[in-house]
Amino acid sequence: MTVAEIPQPGSLLAQIEESQARYRSIFRLKFFATWAGLIGLLLAGLYFTGNIDTAFIAEWGPFIIGGAGLTVFVSAVSIVFATILALIGAIGRLSRNPYINGIASLYVSLVRGTPLIVQIYFIYLALPQLGIVLAAIPSGIIALSFNYGAYMTEVFRAGIQAVPRGQREAAQSLGLTERLVMWRIVMPQAFRIVIPAIGNDFVAMLKDSSLVSILAVEELLFRSQLVGRQNFRSLEALVIAAAVYWLLTIIFSYFQQRLELRMARGDR
Amino acid sequence: MTTIRRGTALLAGLLILAACQQAGAVPAAVCVGEATTYFAYLTGSEDQPDAQDPIEQADAAGDLLESVQEAGVLRISTDANYEPQSFREPDGSWVGFDIDVGTEIAERLGVEAEFQHQDWDIITAGNWNERWDISVGSMTITTGRKELFSFTQPYYYTPAYLAASERSGVTSLDDLEFTIPDDVEAITRPTDQNCIEDIEAGRTEFDLLMTSGTVIDGAVEGGLPIVKIGEPVFNEPLSVAIDKAGPEHAALLYEIDQIIGEMHADGTLTALSEEWFGTDFSQEAAAD
Numbered sequence: 002m003t004v005a006e007i008p009q010p011g012s013l014l015a016q017i018e019e020s021q022a023r024y025r026s027i028f029r030l031k032f033f034a035t036w037a038g039l040i041g042l043l044l045a046g047l048y049f050t051g052n053i054d055t056a057f058i059a060e061w062g063p064f065i066i067g068g069a070g071l072t073v074f075v076s077a078v079s080i081v082f083a084t085i086l087a088l089i090g091a092i093g094r095l096s097r098n099p100y101i102n103g104i105a106s107l108y109v110s111l112v113r114g115t116p117l118i119v120q121i122y123f124i125y126l127a128l129p130q131l132g133i134v135l136a137a138i139p140s141g142i143i144a145l146s147f148n149y150g151a152y153m154t155e156v157f158r159a160g161i162q163a164v165p166r167g168q169r170e171a172a173q174s175l176g177l178t179e180r181l182v183m184w185r186i187v188m189p190q191a192f193r194i195v196i197p198a199i200g201n202d203f204v205a206m207l208k209d210s211s212l213v214s215i216l217a218v219e220e221l222l223f224r225s226q227l228v229g230r231q232n233f234r235s236l237e238a239l240v241i242a243a244a245v246y247w248l249l250t251i252i253f254s255y256f257q258q259r260l261e262l263r264m265a266r267g268d269r
Numbered sequence: 562m563t564t565i566r567r568g569t570a571l572l573a574g575l576l577i578l579a580a581c582q583q584a585g586a587v588p589a590a591v592c593v594g595e596a597t598t599y600f601a602y603l604t605g606s607e608d609q610p611d612a613q614d615p616i617e618q619a620d621a622a623g624d625l626l627e628s629v630q631e632a633g634v635l636r637i638s639t640d641a642n643y644e645p646q647s648f649r650e651p652d653g654s655w656v657g658f659d660i661d662v663g664t665e666i667a668e669r670l671g672v673e674a675e676f677q678h679q680d681w682d683i684i685t686a687g688n689w690n691e692r693w694d695i696s697v698g699s700m701t702i703t704t705g706r707k708e709l710f711s712f713t714q715p716y717y718y719t720p721a722y723l724a725a726s727e728r729s730g731v732t733s734l735d736d737l738e739f740t741i742p743d744d745v746e747a748i749t750r751p752t753d754q755n756c757i758e759d760i761e762a763g764r765t766e767f768d769l770l771m772t773s774g775t776v777i778d779g780a781v782e783g784g785l786p787i788v789k790i791g792e793p794v795f796n797e798p799l800s801v802a803i804d805k806a807g808p809e810h811a812a813l814l815y816e817i818d819q820i821i822g823e824m825h826a827d828g829t830l831t832a833l834s835e836e837w838f839g840t841d842f843s844q845e846a847a848a849d
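Same order as they appear, the protein sequences are chains A and B. Numbering follows our numbering, in which position 108 of the first sequence is assigned residue number 109; successive positions increment by one, without gaps. Numbering follows our numbering, in which position 54 of the second sequence is assigned residue number 615; successive positions increment by one, without gaps.
What follows is the structure, given as structure tokens:
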């Protein structure tokens, strides 16, 4: 055996990396080919069996898609309010004060124990009987915020509790006050833990925002149903709406993934 | 009430059921929109089409008329699911007979018309909470609704018809025999458009539906597999409605009633009706 036949350790590593890279790119290629193939099949199937009216799609597509702006607006505003509510709720749920803890727990239990659609109707149709009259869009935003706030309260509580006890103890032993420990040591770490969950909730919110269509808010689903019914082309109209929801979640998931990678840097 | 005779072509569903039970004991399934006069008519409820109450002149001070004039905007609710009364263009604009009537009323009041879609059952439930001022949505005056709403004189009348799915083979009233309301099973959907959609989707819970002739004509024109049958079953007086639970509105009601009277007199309503329906519905048609 000659020396020349023994591969250099450096080049072996390079070869392994190269073969892994090749494997990854082939995997990715096949992965996307599968998606493209299946989606193509689905669309072709719809087109040939569903009596699809392409002229209708061309004529009404822009009007339906125009509702996406309001969908994103309602979802984005609601997720901001829900996050604030959840932060307050989580602190309440962890409070040693029985009254504050009781209020926060009741909020979570009540909201999680009733359907979102009931909450939406309640705010829009029932509150006026108590003298509180809200327009459709604010009603929808309030209902979504309260609903998601309750679910996210539990996420935030778990996130805060997941920060290792040692972190808190170390900060306390350095002489930091209780408040500083919470805001400078625990919260930043808890926030990193809950980011993926907030992202998931936002994706879910994008879709649940379709429920406010029952209040005649002109978002994506409302417009799709209106146009579908008016022209008796429900299949086309609903497919357009579904495609836009899907696209919105894909776009958002991409940014969420990048954010998660960024937040995870500290773990390496 | 209305009796409809049976011919050779029976509904498929009826036929199968009739084999098991005695003929005539099977209620005919007829689809109608919830909270519509058709439902009331089919079920024989007390809430039947009715004439409007007398309207008296009133002082505008503190009236809804005053706040509308101050705002310069008349907020009109209508359900955009009803072509040709009220529907949307691809650019989002509102069009239809009700839209033209509403726009004309606002113009003659000297204010802007602002339309908003509300689901029909929300409008007819009353308690609008001042979210909009009036309904120009082809609302039938009924005894029950008069408890909730103030009505102007009718601005037009539509004949109510039965329609059958194409697959049932029913094409005329002679093909049917049942007495309304005794032998009818009313099947409700949120709106009468849903009844038509169900037939289009091939659902088989019913083969008959009842709605306004104009809705049926619109659907037939859109290529939907339904057939309008027979003569009008009854005529609906359709009016502008104002919520009685809302603010004082006697002056606004009087003004709009006067405007509708003028629109009848000067031929505006006849012209609009002919434009949108191809026929003059502004006067009550002779009922069968």
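Heads up, the beta-carbon is just placed ideally off N, CA and C, and yes, glycines get one too. For clarity, every value in this text was computed on a predicted model and none was experimentally measured.
Strictly below 9 Å CB to CB, what residues from chain A border B:His678?
Ala217, Glu219, Phe223, Leu227
Suppose the cutoff is 6 Å on Cβ atoms and the five residues either side in sequence are ignored; what does the same chain contact list for A:Ala144 look like?
Correct list, in chain order: Gln120, Ile121, Ile124.
Looking at chain A, which residues of the region 638-659 of chain B have a Cβ within less than 8 Å of any of its Cβ atoms?
Ala641, Asn642, Glu644, Phe648, Arg649, Pro651, Asp652, Gly653
Taking the alpha-carbon of B:Ile803 as reference, which of B:Phe676, B:Glu631, B:Phe712 has the nearest alpha-carbon?
For the residues B:Phe676, B:Glu631, B:Phe712, the minimum Cα distance to B:Ile803 belongs to B:Phe712.
Neighbour flag for B:Glu617 against chain A, beta carbons, 9 Å:
no
How big is the Cα-Cα spacing for A:Gln257 and B:Val662?
50 Å
Pick out whichever of A:Ala22, A:Leu14, A:Leu71, A:Tyr48 has its Cα sitting closest to the Cα of A:Leu207.
Nearest of A:Ala22, A:Leu14, A:Leu71, A:Tyr48 to A:Leu207, Cα basis: A:Leu71.
Can you give me the Cβ contacts of B:Thr704 inside the same chain, cut-off strictly under 8 Å, excluding the 5 residues immediately before and after it?
Glu607, Asp608, Gln609, Asp611
Using a beta-carbon distance below 9 Å, is A:Trp36 in contact with chain B?
Any Cβ of chain B closer than 9 Å to the Cβ of A:Trp36 would place that residue at the interface, and such an atom is absent.
Less than 9 Å separating the beta-carbons of B:Ile820 and B:Arg636?
no
How would you call A:Ile133, buried or exposed, if buried means at least 16 neighbouring beta carbons within 10 angstroms?
exposed
Identity of the residues DSSP links to B:Asn796 by a beta bridge
B:Pro720
Tell me, which residues are paired with B:Tyr643 by DSSP?
B:Ser647
Starting from B:His810, follow the beta strand (DSSP E) in both directions and report where the run begins and ends.
Element bounds for B:His810: n/a, residue is neither H nor E.
For a test of the three-state rule: what should DSSP assign to B:Val697, helix, strand or coil?
strand
Distance between A:Ile85 and A:Arg180 (C-alpha atoms, nearest Å)
18 Å
Beta carbon of B:Pro751 nearer than 9 Å to that of B:Gly594
yes
Could you tell me which of A:Ala243, A:Tyr149, A:Leu227, A:Leu216 sits nearest to A:Val81, measuring between CA atoms?
Answer by Cα proximity: A:Tyr149.
Spell out whether any CB of chain A is found under 9 Å from the CB atom of B:Arg728.
no
I need the straight-line Cα distance from B:Leu575 to A:Tyr108, nearest angstrom please.
A caution first: B:Leu575 carries a pLDDT of 46, below 50, which makes its placement in the model unreliable, though a value can still be read off. If I take the Cα positions, the gap works out to 53 Å.
B:Leu769 - containing beta strand (DSSP E), residue span
Per DSSP, B:Leu769 belongs to the beta strand (DSSP E) from 769-773.
What residues in the region 739-768 of chain B bring their beta carbon closer than 9 Å to a beta carbon of chain A?
Going along the region 739-768 of chain B in chain order, one finds Thr752, Gln754, Asn755, Ile757, Glu758, Glu761, Ala762 with a Cβ nearer than 9 Å to chain A.
With a threshold of 9 Å between beta carbons, is B:Ala596 in contact with chain A?
no
Rounded to whole angstroms, what's the CA-CA distance from A:Ile65 to A:Arg224? Just pull it up for me.
5 Å
Give me the Cα-Cα distance between A:Ala45 and A:Tyr24, rounded to the nearest whole angstrom.
31 Å
Closest to A:Tyr246 by C-alpha separation, out of A:Arg266, A:Ile89, A:Ala205, would be which residue?
The alpha carbon of A:Tyr246 has as its nearest neighbour, out of A:Arg266, A:Ile89, A:Ala205, the alpha carbon of A:Ala205.
The alpha helix (DSSP H) enclosing B:Ile666, as first and last residue numbers:
658-670
When we look at the beta-carbon of A:Pro63 and count the other beta-carbons within 10 Å, is it buried (16 or more) or exposed?
exposed
Which of helix, strand or coil DSSP assigns to B:Ile702:
coil
Just list the residues that DSSP pairs B:Thr749 with in beta bridges.
B:Val593
DSSP three-state call for B:Ala586: helix, strand or coil?
Note that B:Ala586 has pLDDT 43, beneath the 50 cutoff, so the model's placement of it is unreliable and the number below is only indicative. It is coil, neither helix nor strand.
Determine the DSSP secondary structure at A:Ser140, reduced to helix, strand or coil.
helix
Following the continuous alpha helix (DSSP H) through A:Glu170, name the residue where it begins and the one where it ends.
DSSP places A:Glu170 inside the alpha helix (DSSP H), whose first and last residues are 166-174.
Which first and last residues belong to the alpha helix (DSSP H) in which B:Ser628 is found?
625-632
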